[in-house]
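Read the structure below first, then the notes.
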Amino acid sequence: MDNYRVRIRTVRTSSGKYALQVVSKHQDKLTVHKHIGSYGTDDEKSILLLKAKAFIDSRDDIQHDLFEKQPLFSHLSDIKITQSQSLFLYRLLSRIYETLGLNIFTDKVVRDLIIARVYKPVSKRETIDILEDSFGKTYSLKTIYRHLKKAIDHGVKEKFQSALISFAKKGLNDSLHLVFYDVTTLAFDSHAKAGLKDFGYSKDHRFQDVQIVVGLVVNRDGFPLYFDVFNGKTFEGKTFITVVEKVKNILNNPNLVVVADAAMISHINIEELDKRHIGFIVGARLANLPSKLQIQISSNIQGSDLKTTIVKYLNHRLICQYLSSRAVKDRSDRDKQIEKAKNIILSPSRISSRFRFVKTMNGKYEVNDTLIEKSKLLEGIKGCLTNTDLDEAEVISRYHDLWRIEKAFRITKTDLEARPIFLRLDKTITCHLIIVFAELAIARYLEIKTNMSIKRILKIAGKILTHKVIVKKTGETGFIETTIEDLKLRGQLEKLRVLGH
Numbered sequence: 004m005d006n007y008r009v010r011i012r013t014v015r016t017s018s019g020k021y022a023l024q025v026v027s028k029h030q031d032k033l034t035v036h037k038h039i040g041s042y043g044t045d046d047e048k049s050i051l052l053l054k055a056k057a058f059i060d061s062r063d064d065i066q067h068d069l070f071e072k073q074p075l076f077s078h079l080s081d082i083k084i085t086q087s088q089s090l091f092l093y094r095l096l097s098r099i100y101e102t103l104g105l106n107i108f109t110d111k112v113v114r115d116l117i118i119a120r121v122y123k124p125v126s127k128r129e130t131i132d133i134l135e136d137s138f139g140k141t142y143s144l145k146t147i148y149r150h151l152k153k154a155i156d157h158g159v160k161e162k163f164q165s166a167l168i169s170f171a172k173k174g175l176n177d178s179l180h181l182v183f184y185d186v187t188t189l190a191f192d193s194h195a196k197a198g199l200k201d202f203g204y205s206k207d208h209r210f211q212d213v214q215i216v217v218g219l220v221v222n223r224d225g226f227p228l229y230f231d232v233f234n235g236k237t238f239e240g241k242t243f244i245t246v247v248e249k250v251k252n253i254l255n256n257p258n259l260v261v262v263a264d265a266a267m268i269s270h271i272n273i274e275e276l277d278k279r280h281i282g283f284i285v286g287a288r289l290a291n292l293p294s295k296l297q298i299q300i301s302s303n304i305q306g307s308d309l310k311t312t313i314v315k316y317l318n319h320r321l322i323c324q325y326l327s328s329r330a331v332k333d334r335s336d337r338d339k340q341i342e343k344a345k346n347i348i349l350s351p352s353r354i355s356s357r358f359r360f361v362k363t364m365n366g367k368y369e370v371n372d373t374l375i376e377k378s379k380l381l382e383g384i385k386g387c388l389t390n391t392d393l394d395e396a397e398v399i400s401r402y403h404d405l406w407r408i409e410k411a412f413r414i415t416k417t418d419l420e421a422r423p424i425f426l427r428l429d430k431t432i433t434c435h436l437i438i439v440f441a442e443l444a445i446a447r448y449l450e451i452k453t454n455m456s457i458k459r460i461l462k463i464a465g466k467i468l469t470h471k472v473i474v475k476k477t478g479e480t481g482f483i484e485t486t487i488e489d490l491k492l493r494g495q496l497e498k499l500r501v502l503g504h
């Protein structure tokens with residue numbers, strides 16, 4: 004290809020912004036060699052100009068404009084850097100926010116709050132500093148709370164859920180015939196019951212604090228679709244029908260199958276699911292089965308690795324499978340519990356319900372040999388109950404996929420630090436969970452697309468800073484982006500750049 008001279012031009016777009024392009028003109032024919040991007044502010048324009056120049060410099064078939072502007076400075080001593088911000092990360096998260104359709108709710112304050120909390124999950128007061136220092140966005144605490152209240156009143160939860168369900172169908176190619184449900188608890192640094200906050204069974208072992216119960220529905224990728232919040236004393240099994248019914252109506256899917264763990268199973272729940280024609284795959288508490296059924300399952304499997312058996316329970320198929328690796332773990336756990344039981348019997352004052360193999364006989368504590376034998380009978384066996392027509396291998400496989408929702412909760416509680424420590428009102432608690440729900444969607448999408456953890460993604464993207472440079476003598480201003488020389492890191496950043504544009 005012959006060399007040609009290019010120039011950078013700006014074009015007004017239909018949205019009211021400006022597009023920056025690298026173009027050339029030959030014999031009155033205009034050629035666009037690269038569309039660099041669109042901008043709405045001077046800061047965005049400066050960054051795009053840098054990218055345009057980098058594109059021109061990287062091409063051997065391009066001649067630079069003979070009247071090209073001279074560099075802003077010739078020596079480092081001629082300049083000063085007055086600002087360094089994580090604008091690359093902000094643009095990335097903003098673009099993902101739009102890709103997921105969350106911009107259906109057009110409030111930019113809510114958007115920036117969510118982006119800031121993905122970046123650094125801190126209190127709203129601290130988030131104000133993050134927004135200003137890292138992203139150049141200035142809001143008051145009063146403005147934040149005013150916009151959040153307005154968001155709740157204008158149905159932000161329903162709009163976010165609708166957007167994420169739509170994206171899961173189109174963007175993740177999921178028919179949403181299969182969804183996963185589980186609950187977690189979020190504790191407060193408080194002992195005062197009020198509204199949703201109450202004492203209950205804490206999954207975080209914080210029984211001294213009040214809590215709320217949160218139910219979450221995700222798809223096969225662990226991508227969030229729906230959440231609900233319940234009073235802290237609510238038993239998790241009682242949330243199941245309420246949430247599943249809502250999800251079925253939202254998805255408008257007559258063939259819905261819900262996968263959940265053993266805590267959701269009860270005679271009432273099974274009857275209600277059947278009545279509503281909702282398919283289910285739920286874990287079964289084999290220890291609670293009638294002894295006759297336990298003996299039948301154990302006898303059918305006979306300790307054969309990967310062997311399955313099907314029995315009738317609650318008028319449905321109970322599919323059980325034996326794994327030798329699970330048997331080894333069950334045996335090890337049981338031996339430890341037996342040893343604890345023997346030791347604790349010597350100190351009766353310390354005995355509590357935590358010690359599984361301890362029983363009372365004639366006013367004395369002793370090892371529960373009957374329960375030990377029962378445990379041996381079911382060693383290595385896991386069961387799940389279903390009303391679907393799926394074959395047994397598919398049912399077991401789908402039940403094992405429950406780790407996806409466990410991972411979603413782990414991201415929520417650790418990387419996104421969801422626990423609302425100081426919130427008082429039900430409305431502010433719900434609003435906090437909506438923000439975390441949107442954060443989780445952004446985090447999971449990035450993880451799905453990059454095969455990296457959100458923690459790793461933020462660390463990599465955080466290495467790119469946009470520096471504001473001022474020439475001391477002239478006062479001219481420019482922007483310089485961090486240059487990454489490590490080839491592996493540049494490859495990872497390129498993945499993120501593709502997602503962010």
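The sequence shown begins at 4 in the working numbering and counts up one residue at a time.
The beta carbon of each residue, even a glycine, is placed where N, CA and C say it ideally should be.
Pair within 8 Å by beta-carbon distance, residue i and residue j
i, j, result
"Phe226", "Tyr448", "yes"
"Asn390", "His319", "yes"
"Ala441", "Phe163", "yes"
"Tyr93", "Arg114", "no"
"Ser143", "Gln88", "no"
"Val216", "His194", "no"
"Arg407", "Val221", "yes"
"Asp224", "Leu259", "no"
"Leu134", "Lys127", "no"
"Asp264", "Asp207", "no"
"Gln297", "Leu381", "yes"
"Ala119", "Thr102", "no"
"Ile322", "Ile384", "no"
"Gln299", "Val314", "yes"
"Gly218", "Val246", "yes"
"Phe91", "Ile457", "no"
"Ile11", "Lys430", "no"
"Ile487", "Leu499", "no"
"Ile168", "Ile107", "no"
Opposing strand residues paired with residue i [DSSP bridges]
i, result
"Arg320", "Lys315, Thr389"
"Phe230", "Leu219"
"Glu369", "Lys362"
"Val25", "Ile11, Lys37"
"Gly481", "Val472"
"Ser87", "His470"
"Ala197", "Lys200"
"Val112", "Partner(s): none; Val112 has no beta bridge."
"Val261", "Val182, Phe283"
"Ile82", "Val474"
"Ile384", "Tyr325"
With 16 other Cβ atoms within 10 Å as the buried cut-off, status of residue i
i, result
"Gln73", "The pLDDT assigned to Gln73 is 46, lower than 50, so where the model puts this residue is not dependable; a value taken from the coordinates is nonetheless given after this. Exposed, because fewer than 16 other Cβ atoms sit within 10 Å of the Cβ of Gln73."
"Pro257", "exposed"
"Ile451", "exposed"
"Tyr229", "buried"
"Asp308", "exposed"
"Val285", "buried"
"Gln24", "buried"
"Ala396", "exposed"
"Ile117", "buried"
"Phe70", "For Phe70, the pLDDT reaches just 38, beneath the cut-off of 50, and the residue's location in the model is therefore unreliable, although a value from the coordinates is still provided. The residue is exposed, with fewer than 16 neighbouring Cβ atoms inside 10 Å."
"Ile268", "buried"
"Ala55", "buried"
"Ser97", "buried"
"Asn272", "buried"
"Ser178", "exposed"
Continuous alpha helix (DSSP H) assignments of at least 4 residues falling wholly in the stretch 263-316: 270-278, 294-304
Quick one: which unbroken alpha helix (DSSP H) runs of 4-plus residues sit fully inside the stretch 127-190? Chain order, please. Within the stretch 127-190, the complete alpha helix (DSSP H) runs of at least 4 residues are 127-138, 144-156, 159-173.
Evaluate contact between the stretch 364-380 and the stretch 318-332, counting only Cβ atoms and requiring at least three cross-stretch pairs below 8 Å. no
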